[in-house]
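Positions in the sequence shown are counted from 1; adding 408 to them yields the numbering used here.
We treat Cβ as the ideally placed atom computed from N, Cα and C, and that holds for glycine.
Here the structure is laid out as structure tokens; the discussion comes afterwards.
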Amino acid sequence: MSGAVSNLGKNTDATFIVIIGICAALFALIIALTAYFTLKYRRNKHPLAQDIEGHFFLETTWTVLPVILVMFMFYYGWLGYEKRREVPEDAYTIKAFGQMWVWSFEYGNGMQASTLNLPLGRPVKLILNSRDMIHSLYIPAFRVKQDAVPGMERVLWFTPEVAGTYDLFCAEYCGTGHSRMITKAVVMNDEEFKAWSEGKTEAPAAQEAAPSLSGEGLLKAKGCTACHTTDGKPLVGPTLKGIFGTKVRVTTGGKEREVTVDEEYLRRSELEPASDVVVGFPPIMPPQKGVLKEEEIDAIVDYIKGLK
Ligand code: CUA
């Protein structure tokens, strides 16, 4: 296990080590005493069992000592917890959205990204939200985890302290694509972050979509590629490669029918995916009505048309 790379993470690591240390010491003590008493008071040495009435000093000791130990562990954990609840006022705010099965992030200046791009050494406040069900944003390297709950805003903050690229997971089982709900947290120094947030560069290891969005960038930023490939291999949903102009069998209102994949069909499938569900695939795509903007839908439709 490598050390934490956020301010809060150091506290988590210290608490973990203190608690593990206490547990290890107690384990050793209990095992040693058990072995000692087992040998010393074994039956052939002490054939006659004795009734003991009680021992005030011993009983007090083994009650008071563990209480002190447990309170000490609680206090240590509490210090870290309190720090997590106090979001600094000058924190850089990013909105994070969980959705089956992708994370997306929105920045104050309208930037959107499918990776969590962060400024080094600055407190960051994440406002977590979910578009469908409970997800959980988890960045092990920062030692932070928080649920994203539909209809509710949850807040998470930390200060990234080492530049680099770190895994970001969903830690709440949320269906078929849960294990693929993975992205990266990218910590950049001031200059890199400024350049990225002004749309001048690509973030390292990021596949972000700037406000002037390409269809391809949108598919990634909006999480479509978690279920739809562009290389011909179906995943949770059908591939998008070469579908334009073909005929597909779909289920519409419980009845199977054949439709031609045209612009009209592609738009409908984005906004209300449940209206026509391609036969052989589960009806699980979240509707994009109110999520995608008009020009974003156009860009995606254009991109799919070009996927020969
Ligand atoms: Cu989202 Cu698991």
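| Query | Result |
| --- | --- |
| Could you pull the start and end residues of the beta strand (DSSP E) that Val667 belongs to? | 663-668 |
| Do Ile542 and Tyr574 have their C-beta atoms closer together than 8 Å? | no |
| On the criterion of 16 or more Cβ atoms from any shown chain inside 10 Å, does His636 qualify as buried, or is it exposed? | buried |
| Any idea which residues DSSP pairs Glu703 with across the strands? | Per DSSP, none; premise fails for Glu703. |
| Note down the Cα distance separating Thr446 from Phe435, rounded to an integer number of angstroms. | 16 Å |
| Mind checking whether Gly585 and Leu545 have CB atoms under 8 Å apart? | no |
| In angstroms with no decimal places, state the Cα-to-Cα distance between Glu490 and Asn419. | 11 Å |
| Cα separation between Gly640 and Pro527? | 37 Å |
| Can you tell me which of Lys630, Val532, Gly662, Val557 puts its alpha carbon nearest to the alpha carbon of Leu601? | Position check: residue 601 holds Phe in this sequence, whereas Leu was assumed. Of the candidates Lys630, Val532, Gly662, Val557, the one whose C-alpha sits nearest the C-alpha of Phe601 is Val532. |
| Among residues of its own chain, excluding the 5 on either side of Pro695, which ones have a beta-carbon nearer than 8 Å to its beta-carbon? | Leu679, Glu680, Pro681, Ala682 |
| Would you list the residues whose beta-carbon is nearer than 6 Å to any heavy atom of ligand 1, in the order they occur in the chain? | Gly506, Trp509, His543, Cys578, Glu580, Tyr581, Cys582, His586, Met589 |
| What residues in its chain sit with their C-beta under 8 Å from that of Leu715, if we drop five residues either side in the sequence? | Thr638, Leu648, Lys649, Gly650, Ile651, Phe652 |
| Can you list, in chain order, the residues of its chain with a C-beta nearer than 7 Å to that of Gly516? Leave out the 5 residues immediately preceding and following it. | Thr501 |
| Closest by CA to Val495, which one among Glu672, Arg562, Tyr483? | Arg562 |
| Does DSSP put Lys641 in a helix, a strand or coil? | coil |
| Tell me the start and end of each unbroken alpha helix (DSSP H) in the region 494-574 that is at least 4 residues and wholly inside, in chain order. | none |
| Using CA atoms only, rank isn't needed, just tell me which of Ala579, Val595, Cys578, Ala440 is closest to Pro568. | Val595 |
| Near Tyr484, which residues of its chain fall below 7 Å by C-beta distance, leaving aside the five closest residues on each side in sequence? | Thr423, Val426 |
| Are the Cβ atoms of Glu646 and Phe577 separated by less than 8 Å? | The question names Glu, but residue 646 is Pro in the sequence shown. No, these two residues do not count as a Cβ contact at 8 Å. |
| For Gln458, count the other beta carbons within 10 Å of its own beta carbon; 16 or more makes it buried, fewer makes it exposed. Which is it? | exposed |
| Roughly how many angstroms lie between the CA atoms of Arg450 and Gly429, to the nearest whole one? | 31 Å |
| Could you check the C-alpha separation between Glu616 and Gly662 for me, to the nearest Å? | Residue placement at Glu616 cannot be trusted, given a pLDDT of 44 that sits under 50; what the coordinates show is reported in the next sentence. Roughly 38 Å separates the two Cα atoms. |
| Suppose you measure from the CA of Lys448 to the CA of Thr469; what does that come to, to the nearest Å? | 22 Å |
| Go ahead and pull the three-state DSSP assignment for Leu434. | helix |
| Assign Cys431 to one of two classes, buried (16 or more other C-beta atoms within 10 Å of its C-beta) or exposed (fewer than that). | exposed |
| Using the beta-carbon count (16 or more within 10 Å), is Ala614 buried or exposed? | For Ala614, the predicted model reports a pLDDT of 43, less than 50, meaning its position is unreliable; a value from the coordinates is still stated below. By the neighbour-count rule (16 or more Cβ atoms within 10 Å), Ala614 is buried. |
| Helix, strand or coil: which one does DSSP assign to Ala682? | coil |
| For Ser677 and Glu702, what's the separation of their Cα atoms in angstroms? | 14 Å |
| Quick check: what's the CA-CA separation for Pro558 versus Gly607? | 30 Å |
| Which same chain residues, not among the five before or five after Met481, have their C-beta less than 6 Å away from its C-beta? | Ile427 |
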